[in-house]
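To start, the structure itself, in structure tokens.
Residue numbers (my numbering): 19 to 242.
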């Protein structure tokens, strides 16, 4: 709809535009930033009967932090995953697979509000030498500088358990390595860089993580 001028104009006239159903990438967020009315990203799941928190995507109050609705409490479990307590819609706390960060903020009445932001899926954590690396966080730091398609994944490593792998459609591997050294903390830098003609995608265009991991492991095995 954003690509069609008539439909884009209709979207811009909506007073409160709510976007849910998946993560909002930087490209979409940038396209919505100058909308004149409110644009919201929602967080929720089937068990909570739709969304339980909102964050604003445009205007001066745009933020990556979600604010839970009244009556909803959130905290982290021992794995750093978000736990949701929404008694109005679910009789028991729900443990998600989303690793999150929580920030407390004082409200006007002096009470604390727990804002949260999503770091990535628990399934997308690489444990390399005891250091847990969130795939989505590494990719986020690289996206603005790597102009070709790429993905962070892992392969088995005898010494560290897992090694970070970067697959890219960029032929110039040395240039990609240099960018990673400039942009990433030492322990987030990939150990292996491999060129691939294309990267596996899901039906809606998102990275097919399991297939990407299989491709990386096959390459690593063939070069061992």
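For each residue, glycine too, the CB sits at the ideal point set by N, CA and C.
{"Item": "Which value, in whole angstroms, describes the spacing of the CA atoms of residue 195 and residue 206?", "Value": "12 angstroms"}
{"Item": "The beta strand (DSSP E) that contains residue 14, what's its start and end?", "Value": "Nothing can be reported for residue 14: it is not among the residues displayed for the chain, which extend from 19 to 242."}
{"Item": "Straight-line CA distance for residue 87 to residue 71?", "Value": "5 angstroms"}
{"Item": "Excluding the 5 residues flanking residue 187 on each side, which residues of the same chain have their C-beta closer than 6 angstroms to its C-beta?", "Value": "166, 167"}
{"Item": "Per DSSP, what kind of secondary structure is residue 29 in: helix, strand or coil?", "Value": "helix"}
{"Item": "Any idea if residue 147 is buried or exposed, counting beta-carbon neighbours within 10 angstroms, 16 or more meaning buried?", "Value": "exposed"}
{"Item": "Would you grab the beta carbon distance between residue 164 and residue 234 for me? Rounded to a whole angstrom, and I think it's under 8 angstroms.", "Value": "Not quite, the Cβ-Cβ distance comes to about 16 angstroms (not below 8 angstroms), so this is no contact."}
{"Item": "Considering only residues of the same chain and omitting the five flanking positions on each side of residue 173, which have a CB-CB separation below 6 angstroms?", "Value": "181, 183, 234, 235, 238"}
{"Item": "How long is the line joining the alpha carbons of residue 65 and residue 82, rounded to whole angstroms?", "Value": "23 angstroms"}
{"Item": "In this structure, what does DSSP give as the bridge partners for residue 58?", "Value": "36, 74"}
{"Item": "Considering Cα atoms alone, identify which of 105, 100, 80 is closest to residue 90.", "Value": "105"}
{"Item": "With a CB to CB cut of under 6 angstroms and the five nearest residues on each side skipped, what residues in its chain are close to residue 209?", "Value": "181, 182"}
{"Item": "From residue 54 to residue 24, what does the alpha carbon distance come to, in whole angstroms?", "Value": "16 angstroms"}
{"Item": "Closer than 8 angstroms is the cut-off here; do at least three beta carbon pairs connect the stretch 91-103 with the stretch 73-81?", "Value": "no"}
{"Item": "Tell me which residues share the same chain as residue 99 and place their Cβ nearer than 8 angstroms to its Cβ, disregarding the 5 neighbours each side in the sequence.", "Value": "113, 114, 115, 116, 117, 118, 140"}
{"Item": "Would DSSP call residue 21 helix, strand or coil?", "Value": "coil"}
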